[in-house]
Structure formats: C-alpha cells, structure tokens
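Printed below as a string of structure tokens:
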C-alpha cells in the first residue's frame, strides 16, 4: 500500500528566496497581475502569495508568446534571476519558459491591478472575489491576520486558555431586539451576540480564557461602523483585584499586536503607508468627567447623560491626541442604566459601573468591565430589571456554584483593523461583510 | 489624567513557580477543590488555572477555621512552601492565612472532585459549567486548545494566511436539506455548513488560506459522532500539482500537533493517560480497493458501492493498525455521486473523484480533495446535477476570473479530540454541545 508523508517536493521558489538565487534559473508560480509593454520588451508582474514579482519578457529569450500571458492566468514562470536593488524582492526574473495552469473564462469587469482600486465601495463588495486580488486591498487582510494572531499569542503567553463556545444559544447576552432568531428542530433559538455567558462560565474552569469567533447582531443601523456579523476578540479573566487589570491586559495586547505587525508584516504596512501607534500607557477618564471635559473644551452642552454621541467620541479622541499624544483613551464608569445586567456596579456610586470602553481614533473598539460574581447580587439585579432569572438557569449556574471576581472584554477585529489602517468604512475591513441588505458574495 | 500600562502587579505565584519558592512564604489563588480531613491536620486541594495545588492545614499554624474552606470557595492562600517530590508541582503549601474571595450560593448537585466524574453523559452536559471543573474533564479542553493551536501554527509556518469568513450565507456548500434557515431582515438566508465557497475564493487572493471557526449542520442524526454545531479546521491551497499535496500537508499538521502536545501539554496527557500516536507516514488506499480489502479480510459482502458503513470504517482502521501499525489511513477516490458538485473528477475514471477522507481509529475526521478550477467544467457539472448556476453567481466568480488548481480539507476539531483521547461520544469533546434536543447550557 502507498504511504503519504509530509514532504511536498517543491519545484518553485518563493518571492523572498529570489535574491539568494541570483544568477540561477528557477521556477516561480503566480497569477499574471499586470503586463506593461515597453519598447522591445515587456514587464510581466506576477501576483504571488504575499507580494508581486517582476518578470521581464523579451522575444529573444522567452520561448513563448507574450499574448498567452493574459491577466488572471495562473502560471509557472521559468527564468533567470537577476538582482536589482530597485525592484521588489531585490531581484527580477528574465523569462525563459511559461507554463499556463489555468485561465479566466471572462475578462474582468473591474480594473484590479492599479495601485488602489478606483471603484465605489459597493462595486468593490459586489465583486469581492475579484477586488480582493488587488495587492493593496488584500494587504488589509494580511494585517488583520496579524491582529488576531497577536491577540491570541499574547494571551497564551499570559496563561489564558483558548475556548470554542456555541453560536447557537438559548438566550441573548446583550438583551434587546438586536438578535437573530432561528428555528432549531422546532424550537426557537438565537445566534450569539457575544460569547459573554460562556466565557464567564469558563472562568470557573480555566480562570483565564479567550476566543476569537463570529458574533451576530441584528442591528438595523446602516452606518460606516456597524456590521451584522463580525469577528469578536474576547477574553475573560478571574481573580482580578480590580477592573483596571482588564485594561492593563488590553494595553499589553495592543503593544504586542503592534510589535508583531512591525516585526512580521512590514511589507503590508509599507504598502498601506501606515505606521503603528506608539503606546506607552493609555489615558483613562471616567464617563462623567469625559462628558464635562468635552463640554468645556469644545463649548458644548451635555444633552445625553447616559451615553456618548458619535461626535463626542471623536472629540474626546481629538483631545486625547492633543493633550496626551495618544490615539487611544479608556473611558470608565459608564452609567449602570446603559450597561448589561451582568455589569458590576461601582460600590461607591451604584449608578455607575466598573466598566470601560476603549476609544481609538474616534471610535469605540472595545467594551469591557468587571462582572457580578455573587449569585444573590446577580439575581437581585435581574429582578430589578424585570428579567426572569428562571430564563437564565444555565447561565446562573456559574454564580450558584461559585466563581471568583472576574471581568473581561470584547473587541471588534474589523473595527480595530479599520481604525489602524484609517479606512473610512468598517466594511472595507471585512472580507465578506454582512449588513442589512448584503449577504453576498 | 490617570494612565494605564500593561504591568499588572502580581501578588500571587503560579503553581509552576512553587518549587523555586521553597522555604518562602508566598500567596497562591485558586478554588477549593477537595478537603481531606486527616488525623490532626487536613489536606486542602486547590484548583488553579491548569493543575491542582496541595495545601496542608494544621490548627497550630493556620490562622483561620478549616470550616471556612468550603468546596468551591475562591481563595487566596498564604503559606510556607515545603518541597516534596511526591506531590504535584513538587511542593505543597503549609497554610498560614486564607482570604475568601467568593463562595458558592448552593451546594453542588454532582460530585466533581473525584478523579473521574461518576455521572451519566446527560447529567454531565446538563451541569456543564460545574462538571467541566473536574480536573480530568477540563484537561480534554486544554488538549483541544493545543490541537487548534497546532493546526494554525503549522499552517502559518507553511505560508498560509488566516481568514475570517461569514457564517450567514446566501447558499449552502454541502447542499441537501441539512441546513439551518434564518430570517435575515426579511430575506431567507442560511448558516454556513462549511467555509468551502469562501476559502476557495480566498485561494484567489492569498494562494493558501485557513480558518478555524464554527460550522452548522441541521442533521437529524442522533449518534455518538454527530454534532449540529462544531469547530471546523479548514485549509485550502492553490498551485497544487496533485491532490496528494493536500494529504501531505495534513500529515505535516498532525505530526506538528502531536509534537506540540508532547512539548507543552504533557501535564494533561499524563492526567488523561494517553500517548500521542507515532506518525511517520500514513497509508493510503483507494475507496474501491478498501471496499474489496474489507470484504476479503473480514469475509463480508459489499452492499453499498458508494459509501462506507460505519462498521467498514472501523474494520479498515483495524486492518491499518494490524498491517501498518497506523492509527490513521487515507481513503482516496470516493465515488463522484457521493461528493459535492465542486469535487474534481478523476480524469482516468470520472465516476470517482480526486478526493479523500482521513480515518482515525475507526472514524472519519477529515474530508478533502481537489476542486474544479475551470469555469466551464464547473458550470457543466452543476448543470448535470440539475443545479442552477445562476443561484451560485457569487461563488462562480472565482472560476470566472481565474483560479489556480487547488484543493483543501475540513477537519472536525471535536472528532479529532475525541479519537485522540479515546472518548466514546463526540459530545464529551465539545464544551457546550448542540444536538437535535440540546441547546443549553
């Protein structure tokens, strides 16, 4: 019987191996991205896994017809590597042979090989399997990989355990009408708005846990910052002495992520022309103080005492940038009335909670805080809110059978990507966004 | 304004730091797991993040009452570290002070501090937030963390990009009735049965991609190996010369995972009393040859020429173990009729596909194969199957605009965990399983 081992015999080299192969004849594979006809020769730019590769076609050397190298064809190019510090990868390939592996069936309805796509967001999203092939466009998602990876790596190093919790759930964690309903073998169930209940349960098992997974919000908002399905980066930690430990952990995560991006995603940062923010420490202000600060600094009247208006978040971040040179600012002690039933109230003033948001360049990217761990306290808060604890039996087991003081947060992967890259719309930071009208591709 | 940095001032030490603190007075935190009254003293076993910690209570030394150390209480113990090679962590703590942080509100309905839980699976699942606190039970999920982590780490090293694709989708990838339907702002949509369409689209972007995320199957099977929601580990790779490259990559993944488990999850492997399988290479057999082999070896008649019966998968694995000393066996060339519309048929015999399953100790844990990359070929196969290509416009963009030869696989995280640990039911390998009757906790 035949046997399989893990050794794939490679016949092609990678883009970052070109330079070391200077002078040799090698093969690379890629997709024809752009052909630029010059006088007497042509540049054939291939799109490889993570970067472009410059090839030079000259009729004297190449044993193929330039016309066969159509945009979108998947090819194996054989040629001689010639080093040149001015080109990408420090080397180009002088084409000898080309093997065509596949070809598009139709010509492209949009131009993808310009530096930046020159199409509307809607067209971009309509043609997502094609528009993402733009070198600039896909860099967004390589960087997004780094963000999620940094989140996980940092927490693993801090003794957190990764968990996988269900998305089909018996009750919503965030309450309200913003929940998708589902017929589940004749029973009405829901799509998880967050892993909140489950990560709290898991604090009772592993003390510190995290998850990066989709969450679903049936919000009818059609704004540049809302998605109906997004990737939530969640953690929850037990045995906290104070809810600031959660913000300290998030500060550590952000520093780790930006260091990782600098170390391993430099190619994409350059392409996107962004620099990682320098984080030493992050300023922190109480909700009501922030309200008053904005009112005073920007000569505004406070009209809503329970929440920020989007403009206030923007102004607070402007202030943070000006006063502290920080792109980030923590806002703590949000009003109890605006926080979920599991939020721990501040003993010093129970109208406010031991909770926080993290704002980044004008937008909330994280909500977190300490949770109630005492069963009777949780039960009483649910009763005060007119909730029926019997509907939450499964959740309340965690309090009933004992749980240490704990808290955590959820951060939107797409929002963090969006603000870091300075994108105008969160849809641009999502591979296949879902909004109230879009479920395709 | 106050500022937050990432430095949490630690007041307690971790279990694996005990030994180096021999002779010192330190603090640890944990949950009281078991109290064993001896003559004149007591053992107080704490459950920490990842292991147990042995503390010794003696009325002479301890400035607290033993009665306050009730099971399930979250505590900070202060005491002197005494080394002892016979106890876990190589050291125990002689209690001086105890601070109680929280207590259960009710006594436990099940006994969790025995070596193994002595309750039915149903009771275990009903009380999941509690039953998972059993030291043996939670080890399953620490090992599961390692499996998912190994999958990701190996693929990142091989130049794969991690992607996050939508779970609310316009069409099912696996076809059939086994799909959950959802009202999405007045439109009927579905829950993703797999990331199939999206990972294929993403081959066009990054050449090699992977995802670990939930998938949803509305199967009505009530068996020991089916879940209606599970975590699928998926990858898809472009520019393959042959579909064996996919099996080679999976072999590499498995070897990496088991090495990682040995290196970093030894504590849990010991607790579960399992050894990682030795994988050098994995035997591979064609579907029809496997059918004939089983018929001959075990004196059976072939009745179903399109699929395996569960017993046949078991027998084939028994044979693989006996003949090749391998817990794994690849079966290739499944009948076209039983594979999805995107499976690439074998040019040598189009009744069979360039596809495979991986069987592990009697159970299929992976399905994979090469996909059709040519638009006209895909279109024709859909027509032959009576499908309307117009319903799959978004998916077919990937073929229309060109895609290299490619393939990939999906592996169930829970099934792999189950078979590795020798669990009898896949529900035991899922934190909060969903089956046709269970959506709680």
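Protein chains in written order, with our numbering: chain W, 251 to 691; chain H, 251 to 691. We treat Cβ as the ideally placed atom computed from N, Cα and C, and that holds for glycine. What you are looking at is a predicted structure, and each value in this text was computed from that prediction instead of being measured.
Asked: C-beta atoms of residue 468 of chain H and residue 430 of chain H nearer than 8 angstroms; Found: yes
Asked: Residue 431 of chain H (DSSP reduced to helix, strand or coil); Found: strand
Asked: Unbroken beta strand (DSSP E) run spanning residue 460 of chain W, endpoints; Found: 458 to 466
Asked: Spatial neighbours of residue 501 of chain W in its chain, beta-carbon cut-off 8 angstroms, leaving aside the 5 residues before and after; Found: 529, 531 and 532
Asked: Distance between residue 584 of chain W and residue 539 of chain W (C-alpha atoms, nearest Å); Found: 11 angstroms
Asked: Short Cβ contact (8 angstroms threshold) for residue 621 of chain H with residue 443 of chain H; Found: no
Asked: Spatially closest choice to residue 513 of chain W from W:399, W:624, W:374 and W:667, by CA coordinates; Found: W:399
Asked: Residue 649 of chain H classed as buried or exposed, judged by whether at least 16 other C-beta atoms fall within 10 angstroms; Found: buried
Asked: Listed by chain order, chain H residues near residue 448 of chain W by CB distance under 7 angstroms; Found: 682
Asked: Contact set between the region 452 to 468 of chain W and chain H, restricted to residues whose Cβ is under 9 angstroms from the partner; Found: 452, 454, 455, 456, 457, 458, 462, 463, 464, 466 and 468
Asked: Status (buried if at least 16 other CB within 10 Å, exposed otherwise) for residue 635 of chain H; Found: exposed
Asked: Endpoints, beta strand (DSSP E) assigned at residue 623 of chain H; Found: Element bounds for residue 623 of chain H: n/a, residue is neither H nor E.
Asked: Backbone secondary structure at residue 416 of chain H - three-state DSSP; Found: coil
Asked: 8 angstroms Cβ cutoff, residue 650 of chain H in contact with chain W; Found: yes
Asked: Residues that DSSP places opposite residue 441 of chain H in a beta bridge; Found: H:418
Asked: Helix, strand or coil at residue 211 of chain W according to DSSP, with G and I counted as helix; Found: An answer regarding residue 211 of chain W cannot be provided, because it is not within the stretch 251 to 691 covered by chain W.
Asked: Proximal chain W residues relative to residue 251 of chain H, where beta-carbon distance stays under 8 angstroms; Found: 533, 534, 535, 573 and 574
Asked: Cβ-based burial, residue 286 of chain W [other Cβ within 10 Å; buried from 16]; Found: exposed
Asked: Contact with chain H by residue 352 of chain W, beta-carbon distance below 8 angstroms; Found: yes
Asked: Chain W residues whose Cβ lies nearer than 8 angstroms to that of residue 495 of chain H; Found: 258
Asked: From W:268, W:663 and W:581, residue whose alpha carbon lies closest to that of residue 479 of chain W; Found: W:663
Asked: Which of helix, strand or coil DSSP assigns to residue 283 of chain H; Found: strand
Asked: Counted within 10 angstroms of its Cβ, other Cβ atoms place residue 506 of chain W as buried (16 or more) or exposed; Found: buried
Asked: Beta-carbon proximity list for residue 605 of chain H, same chain, < 6 angstroms, skipping 5 on both sides; Found: 584, 589, 593 and 619
Asked: Beta strand (DSSP E) runs wholly inside the region 612 to 676 of chain W, at least 3 long, in chain order; Found: 613 to 621 and 656 to 662
Asked: For residue 687 of chain W and residue 401 of chain W, the rounded distance between their alpha carbons; Found: 31 angstroms
Asked: 3 or more residues per run - each beta strand (DSSP E) lying fully within the region 491 to 564 of chain H; Found: 532 to 536
Asked: Beta carbon proximity, residue 563 of chain H to chain W, threshold 8 angstroms; Found: no
Asked: According to DSSP, residues forming a beta bridge with residue 579 of chain W; Found: W:609
Asked: Partners in chain H for residue 598 of chain W, counting only beta-carbon separations shorter than 7 angstroms; Found: Those within 7 angstroms of residue 598 of chain W in chain H number zero; the least Cβ separation is about 16 angstroms.
Asked: Proximity below 8 angstroms, CB of residue 647 of chain W to CB of residue 380 of chain H; Found: yes
Asked: Buried versus exposed call for residue 349 of chain W [16 or more other C-beta atoms within 10 Å across all chains shown]; Found: exposed
Asked: Min CB distance residue 595 of chain H to chain W below 8 angstroms; Found: no
Asked: From H:305, H:522, H:659 and H:419, residue whose alpha carbon lies closest to that of residue 614 of chain H; Found: H:659
Asked: Sub-8 angstroms separation of residue 329 of chain H and residue 651 of chain W beta-carbons; Found: no
Asked: Sequence-distant residues of the same chain with beta carbon closer than 7 angstroms to residue 536 of chain H, five excluded per side; Found: 582 and 583
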